[in-house]
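**Student:** Quick note, the sequence shown lines up with residues 1 to 345 if you use the UniProt record's numbering. We treat Cβ as the ideally placed atom computed from N, Cα and C, and that holds for glycine.
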Amino acid sequence: MAEPEHGITTGAVARRLGVSPTTVRSWDQRYGIGPAVRGDGRHRRWYPADVAMLEEMCRLTASGVPPAEAAHAAQRRPSAGPVTTESAAVPPSESAEPVGRRTPPTGAPSVEARRAGPGSGLPLGSVRQECRGLARAAVRLDGAAMEGLLQEVLAQYGLVTAWEEVMVPTLHAVGRKWESSDDRYVEVEHLLSWHVSTALRRAAVTGPVTTSSAAPVVLACVPAEQHTLPLEALTAGLAEQGLPTRMFGAAVPAEALDAAVRRSGPAAVALWSQARSTADHALARHVAGTAFGVRGARTAPLVLLAGPGWLGRAPAHGMIRPSGLREALDAIGRLYGRPAGHPDG
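1. Report the three-state DSSP secondary structure of I332 (helix, strand or coil).
2. Given residue 346, which residues of its chain have a CB within under 7 angstroms of its CB, disregarding the five upstream and five downstream residues?
3. Using the C-alpha atoms, what's the distance from A138 back to V153?
4. Count the other CB atoms within 10 Å of the CB of V205; is the residue buried (16 or more) or exposed (fewer)?
5. I think L304 touches L271, with their Cβ atoms under 8 angstroms apart; what is that distance to the nearest whole Å?
6. Less than 8 angstroms between the beta carbons of S264 and V218, yes or no?
7. Give me the Cβ distance between R326 and V160, rounded to the nearest whole Å; I'm assuming they're in contact under 8 angstroms.
8. Tell me where the beta strand (DSSP E) around T9 begins and ends.
9. Assign S277 to one of two classes, buried (16 or more other C-beta atoms within 10 Å of its C-beta) or exposed (fewer than that).
10. With which residues is C221 paired in a DSSP beta bridge?
11. Can you give the Cα-Cα distance for S323 and A306, rounded to whole angstroms?
12. For the beta strand (DSSP E) that V303 lies in, which residues bound it at each end?
13. Can you have a look at G249 and say buried or exposed, based on whether 16 or more other CB atoms are within 10 angstroms of its CB?
14. G7: buried (16+ other C-beta within 10 angstroms of its C-beta) or exposed?
As structure tokens, this is what we get:
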């Protein structure tokens, strides 16, 4: 299925990058970071090369480069052709995309192996062969095939690699497809998300039974944040290592999160924010400052600012901003005396 000929809207681009449409328009007006081609009526329509330029702008500004300099550098970046799922999923410094990729088992397809062939229906780019099968099953609404494929990749590659190199690229490919197709394929994204969630929860349940009395890890989406899949992946990864977790899910009210932290006395708290509009820095500081334990030996949890919503501000004391699932697992594992790079299956 061919890509749409008219690009995608500014709103769709903004949602993908985790910034406001006003910011995207401002970059265009002030610095010339705009689409090469405009539709009828001068409306902005963004094509893959345009989106790649915006992603570079986001990456540079998030790392502290002044906007004018970032715009100049982004405009001069070498043309990389169509944007792949791995570059377009989440800004490079944030959590959903691969960091420190795991080397596949002997005989496994290369990460850079095959491009999605004709009939895949989704713009997958250079990703695993398994992504092509999962994408085709999603487009066919073939739930049984998706379930089987997800079980296979989890068993063969382990949780981290399955999440970063199969699940995330396919999910983002589906998201881009409906954004650029007049909201078609919404049913494909919903069904795929449900099966990915099911596979992750199954992996969490089948992990080693935790009998330790060690402090747990609390995982929650900030208030108004509905995206839970990355936290479900982190929950499954922790369960795979036999670490205790308490997963509270989507849009946890501030009062409920405070109560959960105080009642469970966690070693770490992972807070997910998909967009800057949902990132609650005051709440994160409050959680990081919540101390518990006996007088003279009180401790506070390590707060993980997970997700692209936390970009743009340096983490405060007692907080870290992991760049991916593996880094988050390593940081939490160290709290329990686990070595970095603990095997994921």
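**Tutor:** A quick look at the data gives this:
1. I332: helix per DSSP, three-state reduction.
2. Since the displayed the chain opens at 1 and closes at 345, residue 346 lies outside it and no answer follows.
3. Going by C-alpha positions, V153 is about 16 angstroms away from A138.
4. Its Cβ having fewer than 16 others within 10 Å, V205 is exposed.
5. The C-beta distance from L304 to L271 rounds to 7 angstroms, short enough to fall under 8 angstroms.
6. In this structure, V218 lies closer than 8 angstroms to S264 by Cβ.
7. Confirmed, Cβ separation roughly 5 angstroms.
8. Careful: T9 lies outside any beta strand (DSSP E) and carries neither H nor E.
9. S277 should be labelled exposed.
10. Answer is W272.
11. In this model, S323 and A306 are separated by some 8 angstroms (Cα to Cα).
12. 302 to 306 is the extent of the beta strand (DSSP E) around V303.
13. Within 10 angstroms of the beta-carbon of G249 lie fewer than 16 other beta-carbons, which makes it exposed.
14. Burial call: buried.
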